[in-house]
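Inspection log for the structure reproduced underneath, given as structure tokens.
Number of protein chains: 2
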Amino acid sequence: MTAQLVLTALPDIPLVKPGDDLAGLIQEGLSRAGLKLQTGDVLVVTSKVVSKAEGRLLNLAEVTPSPEGVRLAEQSAKDPRLAEVVLQESRKILRVRPGLVIVQHRLGFVCANAGVDHSNVRGEGGQPEDWVLLLPLDPDASALRLKERLEAESRVSIGVLIIDSHGRAWRMGTVGVAIGVAGFPALLNLRGQPDLFGYHLQVTEVGLADEVAAAASILAGQAAEGLPVVHVRGLPYPLRPGKLAELIRPEEQDLFG
Amino acid sequence: MTAQLVLTALPDIPLVKPGDDLAGLIQEGLSRAGLKLQTGDVLVVTSKVVSKAEGRLLNLAEVTPSPEGVRLAEQSAKDPRLAEVVLQESRKILRVRPGLVIVQHRLGFVCANAGVDHSNVRGEGGQPEDWVLLLPLDPDASALRLKERLEAESRVSIGVLIIDSHGRAWRMGTVGVAIGVAGFPALLNLRGQPDLFGYHLQVTEVGLADEVAAAASILAGQAAEGLPVVHVRGLPYPLRPGKLAELIRPEEQDLFG
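Protein chains in written order, with our numbering: chain A, 7 to 263; chain B, 7 to 263.
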């Protein structure tokens, strides 16, 4: 049998607004694509539409920078109100230079600007350019809610990933990574499989959720917000419960940072 | 139109030996999968089979460790002959701890153990467990040779990626990354595309070759060496000449390291 992985970007998902029923929009998108969910399927959703549906919009006019926020703004040449939001979304500031702040996000991963998004964001009232979008409060929980809603109406068992685009150490360009996981083996443990000749035991842990996030980003990343949901069929591994924390390297293990 | 990306692992590629005609094996695999190459298709090939076909096998019995190799072996608790090979394949040693050496490879990227592979490797003669496999001498050139061979017989224009699995800073698990590129936009520049509301210019560079490498790894990674070639159809971007160097972040720009 030929192993095949098929990714389909759900067509014509409308612009998502606070309070929208994202699971419902996904179901309509699946119908438009002619897809009926099967057990083992994975749905990959960009964090942006999850955040919008969950109302994670903030107007900078409502933000009063702390002294730490003002200092971060000076170091990073950012709006002090934006710097304050970055601070509040972070566990730790790791690196700062003009235009860029690298943080350990309150969710545990390392990313630029605490994932605070200033593009394609517009709320009700205020100055349009003052709106920013924060990452979902608890992306694992968001993924699980979507999973349960979609499974309830289809009686199958699926995985859901919420993804964002992150820069990397040493390599140019952003790639899709998982920031929320439900029903999916985020980290795949291939420990203990002997090699072809039986000499060495392979010791490999694969960041499978990040590989699927990267794959889905190829399709999702091409439009400003047009293709926020990608359906994946043909994953060559069984699904299981999983969570973002599997992908976060404990600081004391970090050889790279 | 529904955007779809289809990845197919070519079935029954035989174990590759030094001197094998890899392009020929890929053509036979494409036939078995019922695939005829089209312009815009991408072939993703694991570095392991490229290295084997190119005879990048080395027997440690032929290696005499230098004083630096002996020191690295002590720090990393590795065989001094293996440590010597790691040294010779590296531009710079970045981090060492027992069991692990992180280097800047002579090819420019950062990886563990200089990509020297000790599993699923067996050459002619000597102690079987003494054989190791080095990365291809020039993976961009290897990719280009494959591209030209495959295009000559099919009269289409395709991309070729040679991939490996790398660990990441801060995140657990390996993911597929490109280490050789031909005819493919390794780094995709989305600079200057206005956002939906016209307020902010998106400034985004996407590590597209790494996203495709990660996608292909989902299929290629599941067997010890059974699925080393993955065919990709449906990339939503045009192909162009490209190279590994696009993905290597200049050291002075490195915010993360």
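Ideal Cβ placement from N, Cα and C applies to all residues, glycine included.
- Taken through DSSP and simplified to helix, strand or coil, Val127(B) comes out as coil.
- Beta-bridge analysis with DSSP links Thr180(B) to Val212(A).
- Distance from the Cα of Val187(B) is smallest, within the candidate group Arg97(B), Ala149(B) and Ser125(B), for Ala149(B).
- One finds nothing in chain B with a Cβ atom closer than 8 Å to the Cβ of Ala29(A); even the nearest lies about 20 Å away.
- The alpha-carbon of Asp27(A) is positioned some 11 Å away from that of Pro20(A).
- When CB distances to chain B are screened at a threshold of 7 Å, the residues of the segment 216–237 of chain A falling below it are Asp216, Glu217, Val218, Ala220, Ala221, Ser223, Ile224, Leu225, Gly227, Gln228, Ala230, Glu231 and Leu233, in chain order.
- For Pro17(A), the closest of Thr8(B), Ala15(B) and His237(B) by C-alpha to C-alpha distance is Thr8(B).
- Any Cβ of chain A closer than 8 Å to the Cβ of Val12(B) would place that residue at the interface, and such an atom is present.
- Just so you know, the alpha carbons of Pro134(B) and Arg128(B) end up roughly 6 Å apart.
- Listed in chain order, the non-local C-beta contacts of Val102(A) below 6 Å within the same chain comprise Gln81 and Ser82, local neighbours out to five positions each way being set aside.
- Chain order gives the chain A residues near Ile254(B) as Trp176, Arg177 and Met178, where near means a beta carbon separation below 8 Å.
- Taking a beta-carbon distance threshold of 8 Å, Phe190(A) does not count as an interface residue toward chain B.
- For Gln10(A), the enclosing beta strand (DSSP E) begins and ends at Gln10 to Ala15.
- Rounded to the nearest whole angstrom, the CA to CA distance from Gly35(B) to Gly75(A) is 58 Å.
- Take the alpha-carbon of Gly25(A) and the one of Glu159(B): they are about 55 Å apart.
- Residue nearest to Arg112(B) within the set Arg38(B), Arg174(B), Leu100(B) and Gly173(B) is Leu100(B) (criterion: CA-CA distance).
- By the rule that beta-carbons nearer than 8 Å mark a contact, Glu34(B) does not touch chain A.
- At a cut-off of 8 Å between beta-carbon atoms, Ala149(B) makes no contact with chain A.
- Taking every protein chain shown into account, the CB of Val162(B) has fewer than 16 other CB atoms within 10 angstroms, so this residue is exposed.
- The Cβ atoms of Val22(B) and Ala67(B) do not sit closer than 8 Å to each other.
- Around the beta carbon of Ser37(A), a 10 Å sphere encloses fewer than 16 other beta carbons of the protein chains shown; the residue is thus reported as exposed.
- With 16 or more other Cβ atoms inside 10 Å of its own Cβ, Gly179(A) counts as buried.
- In this chain, Arg101(A) is not harboured by any alpha helix (DSSP H); it is covered by the beta strand (DSSP E) spanning Ser96 to Arg103.
- For the 8 Å CB-CB criterion, Leu106(A) and Val92(A) do not form a contact.
- The residues Val162 and Ser163, in chain order, have a CB closer than 6 Å to that of Thr45(B) in the same chain once the five nearest residues on each side in sequence are set aside.
- Restricting attention to Trp137(A), Val48(A) and Ser223(A), the CA atom closest to the CA of Pro242(B) is found in Ser223(A).
- Under the DSSP assignment, Ser171(B) falls in the beta strand (DSSP E) whose first and last residues are Gly165 to His172.
- In terms of Cβ geometry, Val122(A) and Glu95(A) form a close pair [threshold 8 Å].
- In the structure shown, Arg239(A) falls within a strand segment according to DSSP collapsed to helix, strand and coil.
- Residues of chain B with a Cβ closer than 7 Å to the Cβ of Glu130(A) do not exist, since the nearest Cβ in that chain sits about 14 Å away.
- Residue contact check for Glu211(A) against chain B: a CB pair falls below 8 Å.
- Using a CB distance cut-off of 8 Å, Leu143(B) does not count as an interface residue toward chain A.
- For Leu214(B), the closest alpha carbon among the candidates Ala15(B), Gly165(B) and Ser125(B) is that of Gly165(B).
- Ala39(A) reaches chain B at Thr8, counting residues in chain order whose Cβ is nearer than 7 Å.
- DSSP lists Ile168(B) as the bridge partner or partners of Gly186(B).
- Residue burial annotation: Glu217(B) is buried, with at least 16 other C-beta atoms found within 10 angstroms of its C-beta.
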